[in-house]
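Residue numbers (our numbering): -19 to 384.
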């Protein structure tokens, strides 16, 4: 059996008292009752003085049980009972002094201003009056002695008041810490939800880019097979091989995105190389058998572009080419990439086409919005709209990055 002073035992008791504070109040009331029983005068019903004293002891003990639930009422009852003690008993007792100190402590821990200081002032005044007016065993006692006793009583009450203030401040700091912890947990929960939403948005954007480009390219390549069969039958196998390769690549990309959603551990998700602007030539080569003539012009070192910026630029070029092939099939397209020291400029321009197809009514510009969000996430800009010079469509983007 663990001793009462063992740390584990003290911790269990502290936990019990924090979860059930009324137990501590009952224990305190019992101790006050025991103190009143062993003090003078004794608990008895033999004389009116002893009856009044017994009533005061039991009343104060019961009132202290409710000092947390109804502190003002409990302290008021204690004050009235101590006044009865002063009038009837006419003697300074240890019991009365202990109850005064408990009351002074309670004023600081359970009451709010101005009640806190009003009750404390009443306790100071009551203790001083009791010391100065209660008859003493030795008549004619020097008033200086009474003043010294009054000062000692005031000092003890002050210690109790200061102890209550310290306890109140510690409790306030503890509650503030709990509130900060709760606020931090709530903020972290919101951040996790926002991160999840952002991740789902990113994956949806990637899915749109991968599927939109791949399926449109496959459809255009498939339509071009008929033309290649008539004009250059020897290239038919190559076109069909490109269609198969694009299909497998799209399936692999979609599988990777789904794997990210299906796993809780990012380290377990399969990681495939992400495309960058260095892969734009391969992207354009996949479209060599379409009806569109695509030209690429690059100025600067593509290897100096950070991967994150390169991925965003690749997706912007990919989406722009997809839109050009979808809505201006057969029109010439030019892709211009200009690399600066801390940014890259992209321009995708398609000329006007006689077979230009308009966007169906009710279809939102998800592709353009996605490109603008990619540019905005990097602190860049992107504009898309008709080109007044060619009558076609132009997409212009500027993607900066910070120098390390």
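Glycine included, C-beta positions come from ideal geometry on N, C-alpha and C.
Under 8 Å, do residue i and residue j count as touching if we go by C-beta distance?
i	j	result
residue 15	residue 75	yes
residue 144	residue 56	no
residue 379	residue 324	yes
residue 52	residue 2	no
residue 39	residue 61	yes
residue 36	residue 70	no
residue 111	residue 129	yes
residue 285	residue 326	no
residue 289	residue 373	no
residue 47	residue 5	yes
residue 19	residue 89	no
residue 226	residue 317	no
residue 369	residue 302	no
residue 330	residue 304	yes
residue 32	residue 68	yes
Buried or exposed for residue i, going by 16 or more other Cβ atoms inside 10 Å?
i	result
residue 347	buried
residue 294	buried
residue 138	exposed
residue 360	buried
residue 98	exposed
residue 349	exposed
residue 299	buried
residue 247	With a pLDDT of 47 at residue 247, under the threshold of 50, the modelled position of that residue is not reliable, and no figure is offered here.
residue 180	exposed
residue 65	buried
residue 142	exposed
residue 267	buried
residue 170	exposed
residue 260	buried
residue 174	exposed
residue -19	Low local confidence applies: a pLDDT of 46 at residue -19 is under 50, so the model's placement there is unreliable, and no value is given.
residue 150	exposed
Between residue i and residue j, which are expected to be in contact by the criterion C-beta below 8 Å, what is the C-beta distance as a whole number of angstroms?
i	j	result
residue 308	residue 273	About 12 Å separates the two Cβ atoms, so there is no contact after all.
residue 280	residue 319	3 Å
residue 78	residue 87	The pair is not a contact, with the Cβ atoms about 15 Å apart (cut-off 8 Å).
residue 45	residue 80	With a Cβ gap of about 18 Å, residue 45 and residue 80 do not count as contacting.
residue 264	residue 223	With a Cβ gap of about 16 Å, residue 264 and residue 223 do not count as contacting.
residue 282	residue 254	Contact doesn't hold; Cβ gap of about 15 Å is too wide.
residue 11	residue 17	Contact doesn't hold; Cβ gap of about 11 Å is too wide.
residue 375	residue 364	5 Å
residue 131	residue 107	That belief does not hold up - the Cβ atoms of residue 131 and residue 107 are roughly 11 Å apart, past 8 Å.
residue 234	residue 187	7 Å
residue 13	residue 41	4 Å
Would you list the one or two residues that DSSP bridges to residue i?
i	result
residue 274	313
residue 323	380
residue 374	329, 365
residue 440	Examination of residue 440 is not possible in this model, given that the chain is present from -19 through 384 alone.
residue 165	According to DSSP, residue 165 bridges with nothing at all.
residue 279	318
Which residues mark the beginning and the end of the alpha helix (DSSP H) in which residue i is found?
i	result
residue 59	51 to 68
residue 71	Where residue 71 is concerned, there is no enclosing alpha helix (DSSP H), given that its DSSP letter is neither H nor E.
residue 359	From DSSP, residue 359 is part of no alpha helix (DSSP H); its letter is neither H nor E.
residue 261	260 to 265
residue 285	Taken as a continuous stretch (DSSP letters only), residue 285 belongs to no alpha helix (DSSP H), as it is neither H nor E.
residue 7	1 to 18
residue 428	No answer is possible for residue 428: the residues shown for the chain start at -19 and end at 384.
residue 34	28 to 45
Sorry if obvious, but does the Cβ on residue i come closer than 7 Å to a heavy atom of the ligand SAM?
i	result
residue 304	With respect to the ligand SAM, the structure shown offers nothing to examine, as it has no ligands at all.
For chain D, is any of its Cβ atoms less than 8 Å away from the one on residue i?
i	result
residue 113	Protein chain content of the structure displayed is limited to a single chain, and chain D is not contained in it.
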